[in-house]
Every structure is written in structure tokens, then in C-alpha cells.
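Per this note's numbering, residue 2 is the first one in the sequence shown, and the count goes up by one each step.
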Amino acid sequence: MAHLSWPAYAERIANGAVVLIPVGALEQHGRHLPLGVDFMLAEAVALATAEHVDAVVAPPFVYGYKSQLRTGGGPQFAGTVGLDGHSLSSAITDVLRGLARGGADKLAIVDGHYENQMFLTEACDLAIREFRQSGRDGVKIVQARYFEQFDEAILKRHVGGPPLDLAYEHAGVFETSLFLHLFGDLVDMDAAPEQAFKEFPSYDCHPPHDDWVPATGALSDPHRATAALGREIFDACVQGMVRILETEFGPEGDGSN
Ligand code: ZN
Ligand code: MN
Numbered sequence: 002m003a004h005l006s007w008p009a010y011a012e013r014i015a016n017g018a019v020v021l022i023p024v025g026a027l028e029q030h031g032r033h034l035p036l037g038v039d040f041m042l043a044e045a046v047a048l049a050t051a052e053h054v055d056a057v058v059a060p061p062f063v064y065g066y067k068s069q070l071r072t073g074g075g076p077q078f079a080g081t082v083g084l085d086g087h088s089l090s091s092a093i094t095d096v097l098r099g100l101a102r103g104g105a106d107k108l109a110i111v112d113g114h115y116e117n118q119m120f121l122t123e124a125c126d127l128a129i130r131e132f133r134q135s136g137r138d139g140v141k142i143v144q145a146r147y148f149e150q151f152d153e154a155i156l157k158r159h160v161g162g163p164p165l166d167l168a169y170e171h172a173g174v175f176e177t178s179l180f181l182h183l184f185g186d187l188v189d190m191d192a193a194p195e196q197a198f199k200e201f202p203s204y205d206c207h208p209p210h211d212d213w214v215p216a217t218g219a220l221s222d223p224h225r226a227t228a229a230l231g232r233e234i235f236d237a238c239v240q241g242m243v244r245i246l247e248t249e250f251g252p253e254g255d256g257s258n
């Protein structure tokens, strides 16, 4: 989208293209991965998805909801910058409103950050309510987390035991493998942590116990990550996104569903 002139964009929309909106976070991912992991992976999945369906990819929304201790390590690391929940949801509602005003009625959010989910749901809900009240009944918004669009059997087949818990996969085998596949130059496996699988208590505390989090910021051991696993996960996530868009917007992007 950022590379299109407005008339070229308007023509794509008029011809039925879906607008994909990658949403991520600026968040530490251990010493071995960069701060942009969540929005970079969401954007990469969206761009690859757009090669298989009629879709335009909006620039990624790079800031997400605040990193949580048990899912992202928390906000105490340099470079982790999160939005308050209402800031995220109202900013995303603004983006959806602006895209719809410009004629887009097929919208899809590709989420790459665990903590975003309910604030994106809020944004979509408020946007749809507003569209209905203003007579834009035809606008549909798909909301998907790219990292749920693959079969976990892939992980077990490549990595074997002990089983991986995706809840602790922050900067672990999953994201590190995707990065080795897509952005290998940005991975420093020499800095990857040697640490046991991280178990957290089953509750949160406010203010948080920062000392629950490993000093590196990674929540599990990424050493079993490989580019081959990353390629298989990536392809599966892209195929999953393609299936979702075909189901919701029709195989030819004709909106018949
Ligand atoms: Zn992440
Ligand atoms: Mn994250």
C-alpha cells in the first residue's frame, strides 16, 4: 500500500482487494533477536499471503499492547515500548475507519503479538458498530493471529521432546526459527540463552515480580531453532491465512461469502 499511488490503490480496492493490516509490538526478544520481531513477522506473513490472494498490505502498525511478564517478559527491558489498551484500540479503530472511508470493505488484521488480542477485538467491535450506524453494513473485518495458523505437530516433528508450550515461546524455538528463515542476518545465535524451560507461577502480581523473568528476556531455550523449521512454520501460517481470507471473502476475492 505504501508503494502505491492513491488512484492505483483505489483501483485495487474497487476491484475487490482485501486490505491486510499487520499489527505487532516493539518488544525485547532476548539477546539473540531484534526488537521488531512481532511486527516484522506479522508483516512478512501478510506480504506472503498477498502473493496468493488479491490483497494489499498496509504498513505495519508497529506498537502493541504492553508486554506482559509471563508472555513477553514485561516492560522492564530497554527498547520495549507498549501502548495503553485504550490507546491501541482507539488507534486501530482510527485506522479501520480511515480505510473504510477510502472505500475498503474487506479488511483483515494480521496480529503478531500475544498481548494485543482483546484490544484489537475492541477496535474491530467499535469500528463495526460505527460502520453499521452510518449505513456501511458491507464492511467486514477478519482478525487473526498469524502464529495460530499452523499445526503444532510441525514443532513436535522437528524438535521432538520435551514438548514445547507455545505460551512460553516468546523468543524461543518458534520465533527464532521464523527469524532464521526470513531474517537470518538479524539473529545472533551466539547470544542465545542457555536456560531451562521457564515455568511461571499461575498468577500475575502488580507491580510485577521482574525477577520471575530470565535476565536475557527469552522465556525458553531457542537452541533447537532451525531455518528449516522456520520455513515450514512460515509456509503453514501463510497457507492458513490464505484459507481464512478465501473462506471469509471468497476464493476470487469477490466477497461472495
Ligand atoms: Zn514475539
Ligand atoms: Mn510479543
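Every residue gets a Cβ at the ideal spot worked out from N, C-alpha and C, and that includes glycine.
All values derive from a computational prediction rather than experimental measurement.
If residue i and residue j are in contact, beta carbons under 8 Å, what's the gap, nearest whole angstrom?
i             : j           : result
valine 160    : valine 174  : 6 Å
alanine 124   : leucine 97  : 7 Å
alanine 54    : leucine 246 : Rather than alanine, the amino acid found at residue 54 in this sequence is valine. About 5 Å; that satisfies the 8 Å criterion.
threonine 217 : glycine 80  : About 14 Å; that fails the 8 Å criterion.
What first and last residue would you give for the alpha helix (DSSP H) that runs through residue i?
i             : result
leucine 21    : That residue, leucine 21, is in no alpha helix (DSSP H); its beta strand (DSSP E) goes 19-24.
valine 188    : Note, valine 188: premise wrong, no alpha helix (DSSP H); not H, not E.
glutamate 144 : In the sequence as presented, glutamate is not what sits at residue 144; that position holds glutamine. Segment 141-146 is the beta strand (DSSP E) holding glutamine 144; no alpha helix (DSSP H) there.
valine 96     : 86-102
valine 38     : 38-50
alanine 124   : 118-134
alanine 11    : 7-15
leucine 230   : 228-250
glycine 73    : 70-73
Among the options, whose alpha-carbon lies nearest the alpha-carbon of residue i?
i              : options                           : result
alanine 128    : Gln144, Gly113, His114 and Glu116 : Gln144
proline 8      : Val140, Gly103, Tyr64 and Leu230  : Gly103
isoleucine 155 : Thr81, Pro215, Glu149 and Glu233  : Glu233
glutamate 317  : Ala26, Ile14 and Ser221           : With the chain covering 2 to 258 only, the question about residue 317 has no answer from this structure.
aspartate 39   : Val111, Arg98, His53 and Ser91    : Val111
glycine 113    : Gln134, Met41, Glu153 and Lys141  : Met41
aspartate 138  : Ala101, Glu170 and Gln118         : Ala101
proline 209    : Ala109, Thr72, Glu249 and Gly80   : Thr72
serine 90      : Pro61, Asp186, Asp126 and Ala192  : Asp126
isoleucine 22  : Thr248, Ala47, Gly31 and Leu36    : Ala47
lysine 141     : His207, Arg13 and Val20           : Val20
aspartate 205  : Asp222, Pro252 and Ser68          : Ser68
tyrosine 147   : Gln77, Gln196 and Thr50           : Thr50
methionine 13  : Lys107, Glu249, Gln196 and Thr94  : Note that residue 13 is arginine in the sequence shown, not methionine. Selected option, being the one with the closest Cα: Lys107.
histidine 207  : Gly75, Pro194 and Asp222          : Gly75
aspartate 212  : Arg133, Met190, Phe78 and Arg32   : Phe78
glutamate 195  : Thr177, Pro202, Glu176 and Asp222 : Asp222
Exposed or buried, what is residue i when buried is set at 16 or more other beta-carbons lying within 10 Å of its beta-carbon?
i             : result
lysine 157    : exposed
leucine 70    : buried
arginine 130  : exposed
glutamate 44  : buried
serine 257    : Confidence at serine 257 is low in this model, with a pLDDT of 45, below 50, so its placement is unreliable and the value that follows should be read with caution. Serine 257 should be labelled exposed.
threonine 122 : exposed
arginine 244  : exposed
leucine 5     : exposed
glutamate 170 : buried
glycine 185   : exposed
glycine 83    : buried
alanine 193   : buried
Answer yes or no: the CB of residue i versus the heavy atoms of the ligand FAD, is any distance below 8 Å?
i           : result
glycine 241 : No copy of the ligand FAD appears in this structure; the ligands present are the ligand ZN and the ligand MN.
Between which residues of its own chain and residue i is the CB-CB distance below 7 Å, once the five residues before and five after are set aside?
i                 : result
glycine 86        : Tyr66 and Phe120
leucine 181       : Val188, Ala226, Thr227, Ala228 and Gly231
tyrosine 10       : Met2 and Val57
phenylalanine 151 : Ile234, Ala237, Cys238 and Gly241
leucine 179       : Leu42, Gly231, Ile234 and Phe235
proline 252       : none
methionine 190    : His33
glycine 254       : Here the model assigns glycine 254 a pLDDT of 45, short of 50, so the residue's position is not dependable, and the following value carries that caveat. If we look at glycine 254 and ignore the five residues flanking it on each side, its Cβ neighbours are Gly17, Ala18, Val19, Val54 and Asp55.
Return the first residue and the last residue of the beta strand (DSSP E) that residue i is part of.
i           : result
leucine 108 : 107-112
valine 160  : It is not in any beta strand (DSSP E) - valine 160 instead sits in the alpha helix (DSSP H) that spans 154-160.
valine 58   : 56-58
Sorted by chain position, which residues of the same chain lie with C-beta nearer than 8 Å to residue i's C-beta, five sequence neighbours on each side aside?
i                : result
alanine 15       : Gly104
phenylalanine 62 : Ile22, Pro23, Val24, Gly25, Phe40, Ala92, Ile93 and Val96
leucine 36       : Leu27, Glu28, Gln29, His30, Gly80 and Thr81
serine 203       : none
Residues in the same chain with beta-carbon distance under 6 Å from residue i, minus the five sequence neighbours each way, listed in chain order, please.
i             : result
threonine 94  : Ala124, Leu127 and Ala128
threonine 177 : Pro223 and Ala226
Can a CB atom of chain D be found closer than 9 Å to the CB of residue i?
i          : result
proline 60 : This model lacks chain D altogether; it includes just one protein chain.
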